[in-house]
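All residue numbers in the sequence shown are consecutive under my numbering, ending with 277. So the structure is just underneath, and the comments pick up after that.
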Amino acid sequence: MWKLKQTLLEDLFEASNKYYPDEFMCFLSGNKKTKTIEEIVFLPNNSGNNFASIWEGVIPLDDTILGSVHSHPTGRASPSSADKHFFLKYELNLIISLSENKIGFFDNTGKQIDVEIL
Ligand SMILES: [Zn+2]
160 MWKLKQTLLE DLFEASNKYY PDEFMCFLSG NKKTKTIEEI VFLPNNSGNN FASIWEGVIP
220 LDDTILGSVH SHPTGRASPS SADKHFFLKY ELNLIISLSE NKIGFFDNTG KQIDVEIL
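Here's what the structure looks like:
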């Protein structure tokens, strides 16, 4: 099971709130061997009221990026069809729902997965 630090989660909520009512997007890196998410990676991206997109040219080609994060300012903590398409690239995807004050983790197929909060 992937593990995520509580402090990191708090930072993600804080950033999502800062971007409200726009979507916030960032990426996660960490230790693949211990399956621990350790860092937030910010890459230049476009975000608006109901979307967040990234130009793939800015994503590092090595395996630094373990997963994706984006917020749903008003939506639920479940992936849209566009989200599911985007999730294909990463084995770990986090949605932060501000309206529900809830998070959801999904694998690359869009299936909900459990993550341990440290
Ligand atoms: Zn979404």
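Quick reminder that beta carbons are idealized off the backbone N, C-alpha and C, glycines included.
7 Å CB neighbourhood of residue i in its chain, flanking five on each side removed
i	result
Y179	P232, L257
D170	I199
N204	M184, A211, S212, I213
K261	A236
Spatial neighbours of residue i in its chain, beta-carbon cut-off 8 Å, leaving aside the 5 residues before and after
i	result
E197	K164, L167, S188, G189, N190
G207	D181, E182
Sheet register partners of residue i (DSSP bridge)
i	result
A211	S206
G226	L187, L251
K162	T195, E275
H244	In the DSSP output, where bridge partners are listed per residue, H244 has none listed.
Residue interval of the alpha helix (DSSP H) (run including residue i)
i	result
N176	165 to 178
N-terminal and C-terminal residue of the beta strand (DSSP E) that residue i is part of
i	result
S237	Neither: S237 is in no beta strand (DSSP E) and is coded neither H nor E.
S188	184 to 190
F265	261 to 265
L257	Run containing L257: none; DSSP gives neither H nor E here.
E197	195 to 200
I276	274 to 276
Own chain partners of residue i with C-beta closer than 6 Å, once the 5 adjacent residues on each side are dropped
i	result
S227	F186, Y249, N252
Check: residue i C-beta below 8 Å from any heavy atom of ligand 3
i	result
E169	Ligand 3 is not part of this structure, which contains only ligand 1.
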